[in-house]
Amino acid sequence: TAAGDTPLQQTPRTQVKRWKPPPQPRLDKQDAVIIIKPKATLDLSKFRGSNAVGNALHIAAGVDKGSAELSVWPIWEQNIIVVGVRDAQIIRKILAIHEIQLGDKAQAVYSYLRPSDDTCKGVIQVDPRVSDEDITNALRSPDAPVVSVRKLGSSNVAAITFEGRKVPFHVFYYGEAVPVRLYKKTTPACALCGKLGHRADVCP
């Protein structure tokens, strides 16, 4: 520049931030929330942008793809699927899904109902050889409607989620009155490293 001239100062360019979708699903407060996880090693993010996950769940549940009864939120970072649903019959259908068709393969999954203020959970003893479906078909609860049934691994214990906030003292299983104990959440322990807080299949 010439003597006495003030050098031009370049103003920094304004950086335009790209919009990013919220990391957590925005579900209706009245919806029941179901968490679905792959049983085997499966990277759900491979199907990102293809709508394959939502399509697979609608087909497995027998729900029309344009139906407002089901909202599917894949959480790619956590490798899980969050499903919001209100209808009790569809809740049972989703919880009964054991596999979904992704690509050219049927992928094994398991699901559970996330506890809410309008549900409670108890446990009963069952034959270790029976399935969730067997238990559901043989179960009757006059005092509190059953939302879902899930056997805890290969044990002789089944967890039952009831509507309402009071766990009934008894349910009828194969017509026999059996006591219901309060469900107590346990901390998972890893069989590989021995540390608490995670399972062996997700050991870091």
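Going by this note's numbering, the first residue of the sequence shown is number 50, and it counts up by one from there. Glycine is no exception: its CB is placed at the ideal position from the N, C-alpha and C atoms. Computed from a predicted model, the values in this text were never measured in an experiment.
Query raised in the report: Is it buried or exposed for I184, if we count other Cβ within 10 angstroms and need 16 for buried?
Result: Mapped onto the sequence shown, residue 184 falls at position 135. The residue is buried, with at least 16 neighbouring Cβ atoms inside 10 Å.
Query raised in the report: Is the CB-CB distance between G171 and V229 below 9 Å?
Result: Here the question's residue 171 lines up with position 122 in the sequence shown. Here the question's residue 229 lines up with position 180 in the sequence shown. The answer is yes: Cβ separation under 9 Å.
Report task. Hey, could you find the ends of the beta strand (DSSP E) E182 is sitting in? Result -> On the sequence shown, residue 182 is found 133 positions in, with the first residue counted as 1. That residue, E182, is in no beta strand (DSSP E); its alpha helix (DSSP H) goes D181 to A187.
Requested in this report: Please confirm whether R189 and F221 have their CB atoms less than 9 Å apart.
Outcome: The residue given as residue 189 occupies position 140 in the sequence shown. The residue given as residue 221 occupies position 172 in the sequence shown. Yes, Cβ-Cβ distance for R189 and F221 is below 9 Å.
Query - Contact set for D113: own chain, Cβ-Cβ below 8 Å, skip 5 residues either direction - result: As a working mapping, residue 113 is identified with position 64 in the sequence shown. If we look at D113 and ignore the five residues flanking it on each side, its Cβ neighbours are H107.
Query raised in the report: Is A110 near I130, with beta carbons less than 9 Å apart?
Result: Your numbering for residue 110 matches position 61 in the sequence shown. Your numbering for residue 130 matches position 81 in the sequence shown. No, the pair does not count as a contact, with Cβ atoms beyond the cut-off.
Query - Through-space distance from Q127 to A208, alpha-carbon basis - result: Taking the first residue of the sequence shown as position 1, residue 208 is located at position 159. Taking the first residue of the sequence shown as position 1, residue 127 is located at position 78. Going from the Cα of A208 to the Cα of Q127 covers about 24 Å.
Report task. Kindly identify the DSSP beta-bridge partner or partners of Y161. Result -> Along the sequence shown, read from residue 1 onward, the residue named residue 161 stands at position 112. Y161 pairs with I84.
Query raised in the report: Excluding the five sequence neighbours on either side, which residues of its own chain have a C-beta within less than 8 Å of the C-beta of S204, listed in chain order?
Result: Sequence index remark: in the sequence shown, residue 204 carries index 155 (1-based). For S204, where only same-chain residues beyond five positions count, the Cβ hits under 8 Å are P177.
Query raised in the report: Given I84, which residues of its chain have a CB within under 7 Å of its CB, disregarding the five upstream and five downstream residues?
Result: The residue labelled residue 84 in the question sits at position 35 within the sequence shown. Answer for I84: I129, V131, S160, Y161 and R163, listed in chain order.
Query raised in the report: If you draw a straight line from the alpha carbon of F96 to that of S197, how long is it in whole angstroms?
Result: Your numbering for residue 96 matches position 47 in the sequence shown. Your numbering for residue 197 matches position 148 in the sequence shown. Using only the alpha carbons, I get a separation of about 28 Å.
Requested in this report: May I ask which residues mark the beginning and end of the beta strand (DSSP E) holding Q174?
Outcome: Working through the sequence shown from its first residue, we reach residue 174 at position 125. Looking at the DSSP string, the run of the beta strand (DSSP E) that includes Q174 is T168 to Q174.
Query raised in the report: Nearest chain C C-beta to Y222 closer than 9 Å, yes or no?
Result: As a matter of chain content, chain C is missing from the structure shown, which is built from one protein chain.
Query raised in the report: Helix, strand or coil: how does DSSP classify V98 here?
Result: Position 49 of the sequence shown holds residue 98. Position check: residue 98 holds Gly in this sequence, whereas Val was assumed. Reduced to three states, the DSSP call for G98 is coil.
Query raised in the report: Taking the alpha helix (DSSP H) that K142 falls in, what are its first and last residues?
Result: Along the sequence shown, read from residue 1 onward, the residue named residue 142 stands at position 93. K142 -> alpha helix (DSSP H) spans A137 to L144.
**Report entry** Test item: CB-CB of A193 and C169 under 9 Å
**Finding:** Locating residue 193 in the sequence shown gives position 144, where the first residue counts as 1. Locating residue 169 in the sequence shown gives position 120, where the first residue counts as 1. Yes, these two residues count as a Cβ contact at 9 Å.
Query - Exposed unless 16 or more other CB atoms sit within 10 angstroms - verdict on A89 - result: Within the sequence shown, residue 89 is the residue found at index 40, counting from 1. With fewer than 16 Cβ atoms within 10 Å of its Cβ, A89 is classed as exposed.
Query raised in the report: Excluding five sequence neighbours on each side, which residues of the same chain lie with their C-beta closer than 8 Å to the C-beta of I173?
Result: Walking along the sequence shown from the start, residue 173 turns up at place 124. Contacts found: V206, A207, I209, V220, Y222, V227, P228, V229 and R230.
**Report entry** Pairwise C-alpha distance: V121 and A101
**Finding:** Position 52 of the sequence shown holds residue 101. Position 72 of the sequence shown holds residue 121. Each residue's Cα considered, the two are about 11 Å apart.
Requested in this report: Identify whether A110 lies in helix, strand or coil by the three-state DSSP scheme.
Outcome: In the sequence shown, the residue the question calls residue 110 occupies position 61. Here A110 sits in helix by DSSP.
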